[in-house]
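Report on one structure; see the data block that follows.
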Amino acid sequence: MATMVIEEQIHRCGYKMDSDVCELYLGRRGLKDVSDLSRFRLLKYLWLNHNKISNVNFLGNNFRLAELYLNSNELSDITGSLKHLTSLHTLMLNDNHLTNLQATMKELKGMTNLRILSLFHNPLEQDASYRHTVLHHLPSVQLLDRENVTQKEREEAFQLFHPHRTAVIQSLGFGRRTDSVLSSRAAAQSSIGHRSSKRNRAITRNSNRNNTITFEDKVLLRGYQRSVMQFTLFDWNKILLSKLDHSEEKFADEPQLITVTFR
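Start counting the sequence shown at 10; every next residue gets the next number (the numbering used here).
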């Protein structure tokens, strides 16, 4: 039945060759399965919504797909069927029977071009951290379940899945430990090298709580070690002016160099 429906659609659209087919509308046709679509290598838009499809095993070579509509079917698992479709911009999987959120995210996480995703009306939506989990694995998504993704949601997802990195960032607070704000006067009187070593030790202490220094922490430490700048000036105040009366007994001090260090 699926083959007949496809051929009917091709004839209706006036396609002459398989390479001409860039979109297929196969929605609402009562399809339980679909014949292999690999011959349509330039296919970009595919509608299969409102059918009875339970397995997506017919898109093996359709790497150019940009929009895929599989909503309102009978899908319970998509493992191994979609991960190669990395050009997808829009993916509709709502109103199915998907239950495993982690398995679904593992299948989709390589889709770095994905902007629009719908997963609502699936059992996996009941997961307490559903939206945060999706945003953690798919940071490129801008519209999730018909709702715009907010910056607050992204920050919450980051804090939930990267608690250690969040603690490091919060401890630095604009280049200084946040818990040292109250003692800012004392900190201002100390040297730059001393403050840098304190920050380095702070990062190391946070990392040692987990008995390891992560790659991100190493980058932060290296940044602090390399961010100190210094330059040297000649102190002209120690040089006598030529207009002074030579009869005055005044001797020039030893020339000095002034070194200025700052961040």
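Beta carbons are placed, not taken as given, at the ideal position from N, Cα and C, and that holds for glycine. If you're wondering where the values come from, they're calculated on a predicted model, not measured in any experiment.
With the rule of 3 Cβ pairs closer than 8 Å, the segment 44-59 counts as touching the segment 78-86. Annotation for TYR139: the continuous alpha helix (DSSP H) segment containing it runs 139-146. Comparing alpha-carbon positions, the option among ASN70, ASN66, LEU153 lying closest to PHE129 turns out to be LEU153.
Burial is judged here by how many other beta carbons sit within 10 angstroms of a residue's own beta carbon; ARG38 has at least 16 and is buried. Within the same chain, HIS106 come within 6 Å of SER85 by CB-CB distance, once the 5 residues on both sides are set aside. Around the beta carbon of HIS146, 16 or more other beta carbons sit within 10 angstroms, so the residue counts as buried. With fewer than 16 other Cβ atoms from the protein chains shown falling within 10 Å of its own Cβ, THR121 counts as exposed. Check the Cα spacing between ARG50 and each of MET26, ASN60, VAL43: the tightest is with MET26.
In the same chain as MET13, and ignoring 5 residues on each side of it, no C-beta atom comes closer than 7 Å to its own. With fewer than 16 other beta carbons inside 10 angstroms of its own, GLU83 counts as exposed. Residue environment for MET10: exposed (fewer than 16 other C-beta atoms within 10 angstroms of its C-beta).
Note that the C-beta distance between ILE62 and LYS92 is not below 8 Å. By the C-beta criterion, the segment 95-114 is judged to be in contact with the segment 125-144, since at least 3 inter-stretch pairs fall below 8 Å. The shortest C-alpha to C-alpha distance from GLY36 to any of GLU162, GLU134, MET101 is the one to MET101. Counting only the Cα atoms, VAL150 lies some 8 Å from VAL158. Taken through DSSP and simplified to helix, strand or coil, ILE267 comes out as strand. For MET101, the enclosing beta strand (DSSP E) covers residues 99-101.
For LEU126, there is no enclosing alpha helix (DSSP H); the residue is part of the beta strand (DSSP E) that begins and ends at 125-127.
In this structure, DSSP gives ASN80 a state outside helix and strand, which the three-state scheme calls coil.
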